[in-house]
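Working notes, structure below.
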Amino acid sequence: MTYLIGVDCGGTHIVGQTWSTSPEHLVQSVTGGPGNVVLDYTGAIANLTGVLDQLVAPIPADQVGLILIGIAGIETAGHADEIQQLVNQRYQIKTRVISDAKLALLNGLAGADGLLVIAGTGSVVYGRQTGHFLRVGGWGYVLGDEGSAYDISKRALKQILTRTDAGQTSQLTKPLLAQLDVSSVPSAVQRFYAQNRQTNAQLAQLIASLADQGNSEAIAVLVASAQALAQQVITLYQRFETPRPQNIVLSGSVLQHNQLVREALTTAIHQVIPTLKFNDITTNNAHAALYWHCWAQEENN
């Protein structure tokens, strides 16, 4: 029997899974600590090998066909070849290292061509067509991340500032000031600049709650953020060669948990590209190991 090992190294934790191929069956799943090699290379590698040690131990090495690892921050850090060699030498098993976003693209589309939209704390749009990868956005919270939780928070505060500059009071002012534990708009701005990205991104949950209660300005913020992300999807889709792939996968906390943002995004995209089919990722992305052969075959052709 042949086994495949997939590992999703995310910023908060690592999930590793062993799968049998015929029949397809989850043999073992192991969770470990953070896996972002940019934030803590040494710690991430220690966590990764800790997970792999547990997965590899029960199985003869010659029965493992592949270790596929998707790592957060790997494209920025540039350690893919180094980590691939390290794992290969440690276990004597064929290893491939890609970004966690490409792992999600592979898993979500089951190895087929198409698009992936990730909108969580940050955002990015990826596409793949016949072995070629495309990317739009994902330029970080200062220059981009449209449709992300941070983008929603930033747009909400900018809405307050726009109303304040006009001598008016926004519907968002009172709840947002309370959430930030400040008593004035200038203090809110000061607090926003002082807080880290993750803390500011959490303000999006308040905006979502206000939108659910019918707050028109909160709804407008969410829709505008979703439409900005939709435009990035359209931009990437138009870069595909014809015939263009028609499948798109939605991932990330914002698109999974905020129905208004999701509907605004899909509506804006369908107005321009009515043929696109939307899907969700329903398994952990370590499951992508089962589809690697689809990409490998194209690389070999």
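Residue numbers (the UniProt record's numbering): 1 to 301.
In this text, a Cβ means the ideal position worked out from N, Cα and C, and glycines have one as well.
Report back the beta-carbon spacing between residue 303 and Gly-16 to the nearest angstrom; my notes put them in contact at under 8 angstroms.
Any answer about residue 303 is impossible in this case: the structure gives the chain only from 1 up to 301.
Whole-angstrom Cβ separation of Asn-200 and Ser-153, contact assumed at under 8 angstroms?
As a working note, residue 200 is residue 200 in the sequence shown. As a working note, residue 153 is residue 153 in the sequence shown. Under the criterion of beta carbons closer than 8 angstroms, Asn-200 and Ser-153 qualify as touching, at roughly 5 angstroms.
Once the 5 residues before and after Phe-278 are set aside, which same chain residues still bring their CB inside 7 angstroms of it?
As a first step, residue 278 is located in the sequence shown; it is residue number 278 there, counting from the start. Listed in chain order, the non-local C-beta contacts of Phe-278 below 7 angstroms within the same chain comprise Ile-248, Leu-250 and Thr-266, local neighbours out to five positions each way being set aside.
Using three-state DSSP, classify Gln-159 as helix, strand or coil.
The residue labelled residue 159 in the question sits at position 159 within the sequence shown. Per DSSP, reduced to three states, the secondary structure at Gln-159 is helical.
In angstroms, rounded to a whole number, what distance separates the CA positions of His-79 and Gly-214?
Your numbering for residue 79 matches position 79 in the sequence shown. Your numbering for residue 214 matches position 214 in the sequence shown. Note on geometry: alpha-carbon atoms of His-79 and Gly-214 lie some 47 angstroms from one another.
Short Cβ contact (8 angstroms threshold) for Gln-63 with Met-1
Taking the sequence shown and counting its residues from 1, one reaches residue 63 at position 63. Taking the sequence shown and counting its residues from 1, one reaches residue 1 at position 1. Yes, the Cβ-Cβ distance between Gln-63 and Met-1 is below 8 angstroms.
Do Gly-73 and Asn-107 have their CB atoms nearer than 8 angstroms?
Counted from its first residue, the sequence shown places residue 73 at position 73. Counted from its first residue, the sequence shown places residue 107 at position 107. Taking the C-beta atoms as reference points, Asn-107 is found no nearer than 8 angstroms to Gly-73.
Return helix, strand or coil for Gly-70, following the three-state DSSP convention.
Position 70 of the sequence shown, counted from the start, is the residue given in the question as residue 70. Looking at Gly-70 - three-state DSSP - the assignment turns out to be strand.
Is it true that the CB of Ile-160 sits closer than 8 angstroms to the CB of Ser-148?
Locating residue 148 in the sequence shown gives position 148, counting from the first residue. Locating residue 160 in the sequence shown gives position 160, counting from the first residue. For the 8 angstroms CB-CB criterion, Ser-148 and Ile-160 do not form a contact.
Determine the extent of the beta strand (DSSP E) in which Tyr-291 is found, giving its start and end residues.
As a first step, residue 291 must be located in the sequence shown, where it is residue number 291. Run containing Tyr-291: none; DSSP gives neither H nor E here.
Candidates Ser-183, Lys-174, Tyr-291 and Glu-146: which alpha carbon is nearest Val-221's?
In the sequence shown, residue 221 corresponds to position 221, counting from 1. Checking every option, the nearest Cα to that of Val-221 belongs to Glu-146.
Assign Phe-240 to one of two classes, buried (16 or more other C-beta atoms within 10 Å of its C-beta) or exposed (fewer than that).
Looking up residue 240 in the sequence shown gives position 240. Buried, since its Cβ has 16 or more Cβ neighbours within 10 Å.
Tell me whether the beta-carbon of Arg-90 lies closer than 8 angstroms to the beta-carbon of Leu-66.
Counting from 1 along the sequence shown, the entry for residue 90 is found at position 90. Counting from 1 along the sequence shown, the entry for residue 66 is found at position 66. Taking 8 angstroms as the cut-off, the beta carbon of Arg-90 is found no closer than this to the beta carbon of Leu-66.
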